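Below: one structure, written as structure tokens.
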Amino acid sequence: MKFKDKVVKTIEDFNPVAVSRQKRMRARLKADSVSFFTPNCLGGLLFHDLGLQFRSPTVNLMLLQTDFAKFMLDMEAYLKKEFVFFEKQGMNCPCAHLGDITVHFTHYNSPQDAVTKWNSRVKRIDYSNIFIFIEERDGLTKEQIQALGKLPVKGIVAFTAHEYSDIPYAVFLPKYEKDGEIGNILRRNILDNSREYEEYFDFVKWFNEADGAPFDISRFAVKKSPK
11 MKFKDKVVKT IEDFNPVAVS RQKRMRARLK ADSVSFFTPN CLGGLLFHDL
61 GLQFRSPTVN LMLLQTDFAK FMLDMEAYLK KEFVFFEKQG MNCPCAHLGD
111 ITVHFTHYNS PQDAVTKWNS RVKRIDYSNI FIFIEERDGL TKEQIQALGK
161 LPVKGIVAFT AHEYSDIPYA VFLPKYEKDG EIGNILRRNI LDNSREYEEY
211 FDFVKWFNEA DGAPFDISRF AVKKSPK
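The opening position of the sequence shown corresponds to residue 11 in my numbering, with each subsequent residue numbered one higher.
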């Protein structure tokens, strides 16, 4: 864990409002063997809140949404490939090619640490309880989002900047419609340490109740009151 992460964790541990929120989330959770695949820090943040063991290799790293879609659509093949590390301008974390995709190990100090964590979490994957989260950004297309719906997984949710009524697992965020892509949904509320993504979707209920295809997430999306 990097020094900055340790400082943030220390502050969180002594915030009674944040601690209370976290306890409520954990009390609601019934699922305890979730393999949650995300292309960014959302998975690590959420699993820290829930006190769950990391059962996905994509926790605590960053991929472009398009690369993440490729990875999920052919995960078995990608997991057999070897990382090729390289220096990437502007990045102060280990970066590696995995076949034709790029992985940024944003929370790790060395390639060795990154590979060790990746391999240990690959071994923990519960293939009967895989959940996928993706965002419409980085050039991700509607077709790529739809392709994920063919995977034999427990749950899929896509946060989108366009309204796709024909994709049952799409959560449309009107806030980002003008931008044409999803923005920073990891923004933190300093009062209770909640994140923006919690405003749109009940991840705890989803982990508890999702039952596979056709991945209808209507009962998990947070209904906004009209203004």
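By construction, the Cβ of each residue, glycine as well, lies at the ideal position given by its N, Cα and C atoms. No experiment lies behind these values; they were computed from the predicted model shown.
Quick one: residues in its chain with C-beta nearer than 6 Å to the C-beta of Asn218, no 5 flanking neighbours on either side, listed in chain order? As a working note, residue 218 is residue 208 in the sequence shown. Excluding sequence neighbours, Asn218 sits near Lys40 and Ala41.
Run the CB neighbour count on Gln99, radius 10 Å, all protein chains shown included, and call it buried at 16 or more, exposed below. As a working note, residue 99 is residue 89 in the sequence shown. Exposed, since its Cβ has fewer than 16 Cβ neighbours within 10 Å.
Among Phe141, Gln32, Lys80 and Arg36, which has the Cα closest to the Cα of Val69? One-based indexing of the sequence shown puts residue 69 at position 59. It is Phe141 whose Cα lies nearest to the Cα of Val69.
Practice task
Whole angstroms is fine: what's the gap from Phe211's alpha carbon to Val232's?
Solution key: Along the sequence shown, one-based indexing puts residue 211 at 201. Along the sequence shown, one-based indexing puts residue 232 at 222. Going by the C-alpha atoms only, they are around 5 Å apart.
### Task
State buried or exposed for Pro67, treating a residue as buried only when at least 16 other CB atoms are found within 10 Å of its CB.
As a first step, residue 67 is located in the sequence shown; it is residue number 57 there, counting from the start. Buried, since its Cβ has 16 or more Cβ neighbours within 10 Å.
Original post:
In this structure, does DSSP put Phe230 in helix, strand or coil?
Top reply: Within the sequence shown, the letter at position 220 stands for residue 230. Here Phe230 sits in coil by DSSP.
Burial state of Lys188, where buried means 16 or more other Cβ atoms lie within 10 Å:
As a working mapping, residue 188 is identified with position 178 in the sequence shown. Its Cβ having fewer than 16 others within 10 Å, Lys188 is exposed.
DSSP has Thr170 in a bridge; who is on the other side?
Residue mapping note: residue 170 aligns to position 160 of the sequence shown, counting from 1. Partner(s): Phe182.
Item to complete: State whether the stretch 144–153 contacts the stretch 181–197, with contact taken as three or more CB pairs (one from each stretch) at a distance under 8 Å.
Response: yes
Comparing C-alpha positions only, which one of Phe169, Tyr179, Asp136 and Asp221 sits nearest to Glu208?
Mapped onto the sequence shown, residue 208 falls at position 198. Nearest of Phe169, Tyr179, Asp136 and Asp221 to Glu208, Cα basis: Phe169.
Backbone CA spacing between Asp136 and Gln63 [nearest angstrom]:
Sequence index remark: in the sequence shown, residue 136 carries index 126 (1-based). Sequence index remark: in the sequence shown, residue 63 carries index 53 (1-based). Their Cα atoms are separated by approximately 12 Å.
For a quick check, are the C-beta atoms of Glu97 and Cys105 less than 9 Å apart?
One-based indexing of the sequence shown puts residue 97 at position 87. One-based indexing of the sequence shown puts residue 105 at position 95. It is a contact, given that the beta carbons lie within the stated cut-off.
Buried versus exposed, by CB contacts within 10 Å (16 or more), Met101:
Taking the sequence shown and counting its residues from 1, one reaches residue 101 at position 91. So Met101 counts as exposed.
Report task. Would you mind stating whether Ala171 and Ile155 have Cβ atoms separated by less than 9 Å? Result -> Within the sequence shown, numbered from 1, the residue matching residue 171 stands at position 161. Within the sequence shown, numbered from 1, the residue matching residue 155 stands at position 145. Going by C-beta atoms, Ala171 is not nearer than 9 Å to Ile155.
Along the beta strand (DSSP E) that carries Ile140, what are the first and last residues, could you check? Counting from 1 along the sequence shown, the entry for residue 140 is found at position 130. From DSSP, the beta strand (DSSP E) with Ile140 extends over Ile140 to Glu145.
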